[in-house]
Amino acid sequence: MKILVPVKRVADPDNADKVKVSADASQVTSDGLEWKMNPFDEWSLEAALRLTENAAEKKRTGEVVLVSIGPDDAVQTMRQGLAMGAERGILVQSNDGDLDSGVVASVLAKIAADETPDVVFLGKQSADGDSNVAGTKLAELLGWPLVNYATKIVTDDEGKSFTVTRELDTGVQTIKVTGPCVFTSSDRILQPTSIKNGQTPDDFAYPASEGGRYASLKGIMAAKKKPVDTKALSDLEPADRTDEYLSFALPEGRTGSVAFVETVDELVGKLQSEAKVL
Amino acid sequence: MTDILVVAELAGGTARKTSFSAIAAAKQMAEATGGAFDILAIGEGADAAADALKGFGARKVLKAEIAGHYWAEKYAPTIAAAAEGAGVVVACASSYGKDLLPRVAAKLGAGVASDITGISSEGGELHYTRPMYAGNVLGTVKITSDKQVVGVRQSAFEASAPAGGDSAVEDFAVVDGDLGDRIEVLSTEVVQSERPELTEAEVVVSGGRSLKSAENFENVLEPLVDAFGAAMGASRAAVDAGYVANDLQVGQTGKVVAPKLYVAVGISGAIQHLAGMKASKCIVAINKDKEAPIAQVADYFLVADLFDAVPEMTKAVSAIKAQG
Ligand SMILES: Cc1cc2nc3c(=O)[nH]c(=O)nc-3n(C[C@H](O)[C@H](O)[C@H](O)COP(=O)(O)OP(=O)(O)OC[C@H]3O[C@@H](n4cnc5c(N)ncnc54)[C@H](O)[C@@H]3O)c2cc1C
Ligand SMILES: Nc1ncnc2c1ncn2[C@@H]1O[C@H](COP(=O)(O)O)[C@@H](O)[C@H]1O
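What follows is the structure, encoded as structure tokens:
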């Protein structure tokens, strides 16, 4: 099985409250923050690795190809993914300012047509723009089925089709899809037995984790030699950008500073007399 | 003179309340553009739902009855066809809207403004405010394609109430998608709860990892939830651990809530959790660690062990409620 995993680098999401806005309000600046792999993409990458290995025998059984659209140093993010186990990468050189989810989807559609993967496995959203659009647009552009917010995936027919459970606001839905198809993942995709690929024994359980696997030293060394192709954005006939940000602002801080209380009586009293919510 | 099409979200043959927030946004847009808005009821039970949507002042209500489970590929072609005369397609940015709208946008060649919290306009041109970076930046954006697709954050638009209008209801012909044989929904499990919905409740009481078990959610937290007549929420850690179902998660990847009162019980206040609740009017934290980051957004912070404080608070709140 071959899986294409788009990965974006974002300003460290755990420090998103340190992001600033330029004095003329025209730009978001994340100076001083480290670039990280978008956590949502990291989950999808880990899921893709689990779909293409025999975990009990620690053997790769399929191929994971990373794609990143961005400036040259986005390669660093891809190296991290290669160190985790992906086989190769494709960098589509562009300025971050040339992109929106529609441009990204159009470029990914071109690459998918070229690479003919069984699955494109995206993050559900970029942790910087929080758009939640590219995966779904991509599926429509390709004319492929899509399962957003997957929480369990079982491969059937040697990877030609999948039984996927996904999370919705109102509950869960289980879907049978025939590939090639597009997936995005929910927070629960990396639970110990969320993925069954027919190669890893069915009773195998991954250790509980909230993110992707750590790269081993061997993986990091190997990643340096793995191939990364470079393509120019303009060669892939990207769609026109359709959003134009007019300004950015920091949200107003919450007004009241926190009042510490020691007893339930004190708290309830304040909720009644001060906050008037009880 | 841009017209707006609202896609109503249906469940069990009625419009979910998410639809009324989308209608509220559509009204603001129509006012700004001088256009009209229509509502599309699509899915199983559209016939009945359309009738109930007549009173919101729409120019017309379109109904497209499609039997069986929802999936985006099945609905998108019909929605795109219904949007032919519209400049803007709007739905709530619930999981339904998020799953559906970008597909519609791709069909229409439209740009998407997702999860907007505000609308402004300049000379009839629509501008949208949307939170980015887990709510740490607010961007103002306009969409430059001919048609626009907009997802509306439910908690930021107070649900429209029917004002007694009587929109004409018209059948809209269903357009079939061509993925029918490659996708089959085996089951849809809808969570049923007697409690108010998380995104609609005036009071939300959420529990975190510190509750330690599903039993403690039930025996310790739920009595407080019910004493308030509140909705119950949870941190991701509590959902991941299987203490409660995923539909209760509050945060960047869960639901976004803005109730009058939000009580965070044993929740540290990670940046991704704050993204889902910091617009609440009054925030109470119950936590034994004074240094927990939830203090940055809390109005009141009870420094206590939740296993002592929550039962005591349940008694106090029940007593107050009993007095009326
Ligand atoms: C990309 C991404 C998206 C995410 N999205 C979300 C999201 O949507 N929602 C979300 O919630 N999280 C989300 N998370 C996870 C988030 O980062 C935190 O890990 C999570 O919110 C922590 O949950 P918690 O507060 O229950 O647990 P902890 O962080 O472990 O906090 C437990 C708290 O309980 C207190 N405590 C412990 N025992 C007691 C006691 N007996 N009495 C009183 N207090 C006690 C502790 O002092 C501590 O503050 C996301 C993470 C990532 C990376
Ligand atoms: N510049 C990019 N390079 C590679 N993948 C991207 C890029 N931007 C978005 N994606 C993918 O699309 C998903 C959804 O992004 P978005 O629509 O921006 O929220 C992300 O989780 C990534 O998997």
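As you go down the protein sequences, you meet chains A and B in turn. Those letters in the first sequence? Residues 1 to 278, per the numbering used here, in order. Those letters in the second sequence? Residues 1001 to 1324, per the numbering used here, in order. Quick reminder that beta carbons are idealized off the backbone N, C-alpha and C, glycines included. Given the structure is predicted, the values throughout are model-derived calculations rather than measurements.
Please name the residue or residues paired with residue i in a DSSP beta bridge.
| i | result |
| --- | --- |
| Trp306 of chain A | Any property of residue 306 of chain A remains undetermined from this structure, which presents chain A solely from 1 to 278. |
| Gly171 of chain A | A:Leu168, B:Val1190 |
| Pro6 of chain A | A:Val67 |
| Gly89 of chain A | A:Leu66, A:Val228 |
| Gln1028 of chain B | Its beta-bridge partners do not exist; DSSP assigns none. |
| Val1185 of chain B | A:Ile175 |
| Val1141 of chain B | A:Tyr245, B:Tyr1128 |
| Glu1170 of chain B | B:Leu1062 |
| Ile1119 of chain B | B:Tyr1128 |
| Ala1041 of chain B | B:Ala1008, B:Lys1063 |
| Asn54 of chain A | A:Lys59 |
| Gly1233 of chain B | B:Ser1206 |
| Phe183 of chain A | A:Phe121, A:Val147 |
| Val1250 of chain B | B:Lys1255 |
| Ser161 of chain A | A:Asp156, A:Thr178 |
| Phe260 of chain A | B:Phe1301 |
| Lys20 of chain A | A:Thr29 |
Should residue i be counted as a contact of ligand 1 given a C-beta to heavy atom distance under 7 Å?
| i | result |
| --- | --- |
| Val1250 of chain B | yes |
| Arg166 of chain A | no |
| Phe1307 of chain B | yes |
| Gln1272 of chain B | yes |
| Ser1193 of chain B | no |
| Thr1078 of chain B | no |
| Gly1043 of chain B | no |
| Lys36 of chain A | no |
| Arg1130 of chain B | no |
| Arg88 of chain A | no |
| Arg1103 of chain B | no |
| Gly1109 of chain B | no |
| Thr1342 of chain B | Within the shown structure, residues of chain B are numbered from 1001 to 1324, placing residue 1342 of chain B beyond reach of any answer. |
| Arg1236 of chain B | yes |
| Ala1163 of chain B | no |
| Ala1292 of chain B | yes |
| Ser1210 of chain B | yes |
| Ser1094 of chain B | no |
| Ser1213 of chain B | no |
| Ser1268 of chain B | yes |
| Asn1287 of chain B | yes |
| Asp1166 of chain B | no |
| Asp1247 of chain B | no |
| Pro1196 of chain B | no |
| Pro1259 of chain B | no |
| Asp187 of chain A | yes |
| Gly1276 of chain B | yes |
Is the beta carbon of residue i within less than 7 Å of some heavy atom of ligand 2?
| i | result |
| --- | --- |
| Gly285 of chain A | Any question about residue 285 of chain A goes unanswered here, given that chain A covers just 1 to 278. |
Ignore the nearest five residues each way along the sequence and tell me which others in residue i's own chain have a CB closer than 6 Å to its CB.
| i | result |
| --- | --- |
| Trp144 of chain A | Pro180, Cys181, Val182 |
| Arg1209 of chain B | Ala1237, Ala1238 |
| Glu1065 of chain B | Ala1046, Asp1047 |
| Ala215 of chain A | Ala83, Met84 |
| Gln199 of chain A | Asn54, Thr61 |
| Phe1301 of chain B | Ala1285, Ala1295 |
Looking at the secondary structure, which residues open and close the alpha helix (DSSP H) in which residue i lies?
| i | result |
| --- | --- |
| His1273 of chain B | 1271-1274 |
| Asp114 of chain A | 101-115 |
| Leu141 of chain A | 134-142 |
| Gln1323 of chain B | 1306-1323 |
| Leu271 of chain A | 264-273 |
| Ala1050 of chain B | 1046-1052 |
| Ala127 of chain A | Note, Ala127 of chain A: premise wrong, no alpha helix (DSSP H); not H, not E. |
| Val1104 of chain B | 1095-1108 |
Can you tell me where the beta strand (DSSP E) with residue i in it begins and where it stops?
| i | result |
| --- | --- |
| Thr1129 of chain B | 1125-1132 |
| Glu1065 of chain B | 1060-1065 |
| Tyr1300 of chain B | 1300-1303 |
| Ile1283 of chain B | 1282-1287 |
| Leu146 of chain A | 146-156 |
| Val277 of chain A | That residue, Val277 of chain A, is in no beta strand (DSSP E); it is neither H nor E in DSSP. |
| Tyr1262 of chain B | 1261-1265 |
| Gly1151 of chain B | 1148-1152 |
Leaving out five residues on either side along the sequence, give the residues of the same chain with a beta carbon under 7 Å from the beta carbon of residue i.
| i | result |
| --- | --- |
| Ala1076 of chain B | Leu1100, Arg1103, Val1104, Lys1107, Gly1177 |
If the cut is a Cβ gap below 7 Å, which residues of chain E does residue i touch?
| i | result |
| --- | --- |
| Met1132 of chain B | The chain inventory of the structure shown lacks chain E, comprising the protein chains A and B. |
Point to revise | Heavy atoms of ligand 2 versus C-beta positions, residues under 6 Å | key: Result (chain order): A:Pro6, A:Val7, A:Lys8, A:Asn38, A:Phe40, A:Asp41, A:Val67, A:Ser68, A:Ile69, A:Gly70, A:Leu99, A:Ser101, A:Val104, A:Leu122, A:Gly123, A:Gln125, A:Ser126, A:Gly129, A:Ser131, A:Asn132, A:Val133, A:Ala134, A:Gly135.
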